[in-house]
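Here the structure is laid out as structure tokens; the discussion comes afterwards.
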Amino acid sequence: MLQSRSLSSRPWLIAVAGLIVTAVITAPFFFVTRLVEQLAIAAALSLAVAVGAWLLARRLDRRGQELVDAERKYQDLTDGLPLVTWVYGAKDRNDTRLVGPQIEATVGYSPEQWDGELLERILHPDDRDRVLGELASAAEQGVPFESEYRVLGRNGEVVWLREHARIVSGADGEPRFGQSFLIDVGELKRIEDEKDSLLAGQRAAVSETVERQGRLDLLREVADAATSPDYRAAIERVAELVVRDFGDWCLIDLAEEGSPLKRLAVARAEPGSKKGERAPQQEPDEAVRSVVASGSPQIVPPLGERSNGQEPGRFLGGINASSLICVPLRARQRSIGAIRARR
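Using the numbering used here, the first residue of the sequence shown is number 1414, and each one after it goes up by one.
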């Protein structure tokens, strides 16, 4: 009785106790609800991340396929060209990224073997310094590299290549990679050599024709000179014609009937008078007499030697002579004189 009266006199205590009991009973349900909400939020976030990752993966796959397709198209294009495509690092030609299969048919090395170091190693010794210098200069100036050079193929044969190389930059101006095209120009070189040979042959034929025509003209003019009643004037004219067409100077010695060998004509080219220059001697020397006596032509004397005290170099007066010949003049089956010319 006492206890129930005590509780009834304190209603607030009963209210507090009720609240405590209610909280104890309902607390688990509250936390469970919050947990369910958090799990739902986490699930939604996970789903969003998964969808985003899937979309990103699809995009990357699409980009990757586009790159593969682009590379395949580029490869198909370059494989069909009559040249070798070589792609390498922007700052290192040894960083080979792509080489056309034509390289093996061109120099005998496979695409897997090809790089800048191999190219330097097989450069022709006569071209190596020049090509390496041109490469360094192009890299320093930032300009495309273009050159023709020889390499030694794997079989040891010489291969002529023409290379066009440049550095490809991106939209930001930064260098991305180097691109080179190698063209086998061996057939072109062979055609050029044949053309040069044909032209040389044609020039030689023209020169020979001109020379023959000159000789015919000389014979005609000599024949015309021979009709002159003044035989001394005719001989002097012959000497002038010889100098004009064949030599830098000419001497004609003749033995008139009943007289000893005598110098009748002297003709020379005129390079210009020099102080102290001497004229040739007026009488035939022993070399000329020997030719007349033997009836056989001779080359006398060797350039630079003296002939009876005469100095051919001084007589030539600056003309760059290379040969001296003395030929007998014959009439009635005997030698009657000699003509001597130097060129």
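Backbone N, C-alpha and C fix where the C-beta goes; we use that ideal spot for every residue, glycine too.
Can you tell me whether residue i is helix, strand or coil according to DSSP?
{"i": "Arg1681", "result": "strand"}
{"i": "Ala1754", "result": "strand"}
{"i": "Asp1528", "result": "coil"}
{"i": "Glu1690", "result": "Here the model assigns Glu1690 a pLDDT of 44, short of 50, so the residue's position is not dependable, and the following value carries that caveat. Reduced to three states, the DSSP call for Glu1690 is coil."}
{"i": "Lys1608", "result": "helix"}
{"i": "Pro1725", "result": "Legend: pLDDT at Pro1725 = 44, less than 50; position of this residue unreliable, no value from coordinates given."}
{"i": "Ala1668", "result": "strand"}
{"i": "Lys1675", "result": "strand"}
{"i": "Glu1533", "result": "helix"}
{"i": "Asp1597", "result": "strand"}
{"i": "Gly1731", "result": "Here the model assigns Gly1731 a pLDDT of 41, short of 50, so the residue's position is not dependable, and the following value carries that caveat. DSSP places Gly1731 in coil when its eight states are reduced to three."}
Use the C-beta contact count for residue i: other C-beta atoms within 10 angstroms, 16 or more gives buried, fewer gives exposed.
{"i": "Thr1622", "result": "exposed"}
{"i": "Glu1757", "result": "Residue coverage of the chain in this structure runs from 1414 to 1756, which leaves residue 1757 outside it and unanswerable."}
{"i": "Ser1593", "result": "buried"}
{"i": "Asp1661", "result": "buried"}
{"i": "Ala1584", "result": "exposed"}
{"i": "Gly1750", "result": "buried"}
{"i": "Ile1580", "result": "buried"}
{"i": "Tyr1644", "result": "exposed"}
{"i": "Leu1415", "result": "In this prediction, Leu1415 has a pLDDT of 39, which is less than 50 and means its spatial position is unreliable; nothing more can be read from the coordinates."}
{"i": "Ala1680", "result": "buried"}
{"i": "Asp1698", "result": "buried"}
{"i": "Val1704", "result": "buried"}
{"i": "Arg1625", "result": "exposed"}
{"i": "Arg1743", "result": "exposed"}
For the ligand SAH, any of its heavy atoms closer than 7 Å to the Cβ of residue i?
{"i": "Gly1555", "result": "In terms of ligand content, the structure shown is empty, and the ligand SAH therefore cannot be addressed."}
What residue range does the beta strand (DSSP E) around residue i cover?
{"i": "Ile1648", "result": "Ile1648 -> not in any beta strand (DSSP E); alpha helix (DSSP H) instead, spanning 1644-1658."}
{"i": "Ser1560", "result": "1558-1565"}
{"i": "Val1704", "result": "Not the beta strand (DSSP E): Val1704 falls in the alpha helix (DSSP H), residues 1699-1707."}
Just curious, the alpha helix (DSSP H) that residue i is in, first and last residue?
{"i": "Gln1554", "result": "1538-1554"}
{"i": "Ile1516", "result": "1515-1520"}
Would you tell me roughly how many angstroms separate the C-alpha atoms of residue i and residue j, rounded to the nearest one?
{"i": "Leu1473", "j": "Val1564", "result": "43 Å"}
{"i": "Ser1620", "j": "Leu1548", "result": "43 Å"}
{"i": "Ala1700", "j": "Glu1669", "result": "19 Å"}
{"i": "Glu1696", "j": "Pro1673", "result": "11 Å"}
{"i": "His1577", "j": "Phe1590", "result": "14 Å"}
{"i": "Gly1569", "j": "Ser1610", "result": "26 Å"}
{"i": "Cys1739", "j": "Leu1595", "result": "60 Å"}
{"i": "Ile1535", "j": "Leu1654", "result": "58 Å"}
{"i": "Arg1755", "j": "Pro1741", "result": "15 Å"}
{"i": "Gln1554", "j": "Ala1503", "result": "14 Å"}
{"i": "Ser1736", "j": "Arg1676", "result": "21 Å"}
{"i": "Ile1752", "j": "Ala1618", "result": "29 Å"}
{"i": "Gln1746", "j": "Ile1665", "result": "19 Å"}
{"i": "His1537", "j": "Ser1709", "result": "53 Å"}
{"i": "Ala1518", "j": "Glu1605", "result": "23 Å"}
{"i": "Gln1711", "j": "Phe1659", "result": "17 Å"}
Could you tell me whether any Cβ in chain D is nearer than 8 Å to the Cβ of residue i?
{"i": "Asp1540", "result": "Within the model displayed, chain D is absent; a lone protein chain is all it includes."}
Decide yes or no for the touch test of the stretch 1526-1534 against the stretch 1605-1622: beta carbon pairs closer than 8 Å, at least 3 of them. no
Would you call the stretch 1538-1547 and the stretch 1503-1511 touching, i.e. three or more CB-CB distances under 8 Å? no
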